[in-house]
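> Each step along the sequence shown adds one to the number in the working numbering, with nothing skipped, and position 75 is 86. Just so you know, even glycine gets a beta-carbon here, dropped at the ideal spot from N, CA and C. None of the values given here were measured: they were computed from a predicted structure.
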Amino acid sequence: MRADELLPDAINETTLNGVTVRKGTVGAFLVNARTLSNPAASLEARAAAQRDVLEALPAMHALGLFETLEIRDERVRAFVAARSPSSDLAK
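(1) If we ignore side chains and look at the alpha-carbon of each, how far apart do Phe77 and Val91 end up?
(2) Could you name the residues of the same chain whose beta carbon sits closer than 6 angstroms to that of Ala60, not counting the 5 residues immediately before and after it, in chain order?
(3) If you draw a straight line from the C-alpha of Ala93 to the C-alpha of Arg13, how long is it?
(4) Residues bridged to Leu27 by DSSP?
(5) Checking 7 angstroms against the spacing of the C-beta atoms, do Lys34 and Leu17 come in under that value?
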């Protein structure tokens, strides 16, 4: 499946498993995860990234992201696992 088959250019969001998923959600999640894994990130940047990751988690689960990909950074994986319904994220 191509990106435009999931969300055509004129559509900015879809609903999966009862969760609204906006275009750019996965990309924003990855940028925020990178901030959380960066020890040089400021406290303000880390706090903003944490808020945004928490907001994106329902969409990430609806998309099945964590069923397919593993978060490699231990700190990010632990942060997400502690706030996710699935305990298999803590592996």
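Based on what the coordinates show:
(1) 10 angstroms
(2) Asn43, Thr46, Leu47
(3) 32 angstroms
(4) Val30
(5) no
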